[in-house]
Amino acid sequence: MKKIVLTVVAMLSMTMAFADGENANNINETEAYNFSINSYKLSVALGLNLDQTEAVSDIEKNFSIEMKNAGEANKEQRPELVKEAVNKNLSYMHAVLNNQQYHKYLTLMNMTLANRGLNF
Numbered sequence: 000m001k002k003i004v005l006t007v008v009a010m011l012s013m014t015m016a017f018a019d020g021e022n023a024n025n026i027n028e029t030e031a032y033n034f035s036i037n038s039y040k041l042s043v044a045l046g047l048n049l050d051q052t053e054a055v056s057d058i059e060k061n062f063s064i065e066m067k068n069a070g071e072a073n074k075e076q077r078p079e080l081v082k083e084a085v086n087k088n089l090s091y092m093h094a095v096l097n098n099q100q101y102h103k104y105l106t107l108m109n110m111t112l113a114n115r116g117l118n119f
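Heads up, the sequence shown is in numbering that gives the first Met the number 0, so the first residue is 0 and it goes up one at a time.
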């Protein structure tokens, strides 16, 4: 009887440890899609004027929402949603920024996506 109780306790402990690790994995996976960007630092890095700063701030808010939605989607849908969000963001930014600013933004975006493991 004692062996059975110890076996059950051991099984429950292992199951809880496995479930805890799985939950932490899911949290880390969705954190990669959190794109809360500091608009002030981005505007300084790109040398934006006031009008550009406001437009970029709005674009980044929309991008952040779209990336959050991608992070909450099914694993099968995520790559397509990320690609769609990034392409939309880049097209909007290209309309607002000049060529030099856009090139610098593109470099920053590529580095950020690569650092988060969101290559597509």
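Yeah, the Cβ is synthetic: ideal placement off N, Cα and C, and Gly gets one too.
Can at least three beta-carbon pairs, one atom from the segment 100-109 and one from the segment 44-58, be found at a separation below 8 Å?
Taking 8 Å as the limit for Cβ pairs, the verdict is that the segment 44-58 does touch the segment 100-109.
Let me know if N88 comes out buried or exposed under the rule of 16 or more other beta-carbons within 10 Å of its beta-carbon.
With 16 or more other Cβ atoms within 10 Å, it is buried.
What is the residue span of the alpha helix (DSSP H) that R77 lies within?
Looking at the DSSP string, the run of the alpha helix (DSSP H) that includes R77 is R77 to V95.
Quick one: Cα of N33 to Cα of L96, how far?
Their backbone Cα atoms lie some 24 Å apart in a straight line.
Cβ-Cβ distance between E65 and A94 below 8 Å
Against a cut-off of 8 Å, the Cβ pair of A94 and E65 comes out as no contact.
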